[in-house]
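One structure below.
In this note's numbering, the protein residues as written are 517 to 690.
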């Protein structure tokens, strides 16, 4: 196994764990808004797994993976920008009702920060120009997830549900 395959395999494992975290969070929350945000994040991580797996498979076959390559179920969303998120004053208090949700979000924030850093470092180390671009984009997307979760944490600490932007809507049956 080459270094690139090994590192991308580690990235796939990290995306799987993140997906499990969000799926578990969705099953535990009692808020419909929170559930939809968690399910959206879980689907994001699944798309990253699929894309990274396709990158490995293309690499193993000796083919170049291009930005135009279409991967069924694999996608990179547009990174979330802070300007898209509403601003809320953090009170610093956590009600018992939301304490479990706060812990989930804090764990997810740590994982997203690590993922962003991981992808950024990997992008700097790889010489494959297409892989470098994809990895940089993944780093930015994971950073966007961290920014989203930071704002969600502020809402939860104020005793509110998570906000639901149009892009996070998913059918609740998923």
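Heads up, the beta-carbon is just placed ideally off N, CA and C, and yes, glycines get one too.
{"query": "Going by beta-carbon coordinates alone, are residue 618 and residue 669 separated by less than 8 Å?", "result": "yes"}
{"query": "Using DSSP with H/G/I as helix, E/B as strand and the rest coil, what is residue 577?", "result": "coil"}
{"query": "At which residues does the alpha helix (DSSP H) containing residue 644 begin and terminate?", "result": "Premise fails: residue 644 is in no alpha helix (DSSP H) and is neither H nor E."}
{"query": "Can you tell me whether residue 578 is buried or exposed, with buried defined as 16 or more other CB within 10 angstroms of its CB?", "result": "exposed"}
{"query": "Using 8 Å for Cβ pairs, my map puts residue 632 next to residue 658. What's the rounded Cβ distance?", "result": "4 Å"}
{"query": "Would residue 628 and residue 665 qualify as a contact pair, given that the criterion is a beta-carbon distance under 8 Å?", "result": "yes"}
{"query": "Would the beta-carbon of residue 568 fall within 8 Å of that of residue 541?", "result": "no"}
{"query": "Quick one: give me the first and last residue of the alpha helix (DSSP H) that residue 543 is part of.", "result": "519–544"}
{"query": "What number of angstroms, rounded off, separates the C-alpha of residue 487 from the C-alpha of residue 643?", "result": "The shown model of the chain, from 517 to 690, leaves out residue 487, and the question about it has no answer."}
{"query": "Would DSSP call residue 667 helix, strand or coil?", "result": "helix"}
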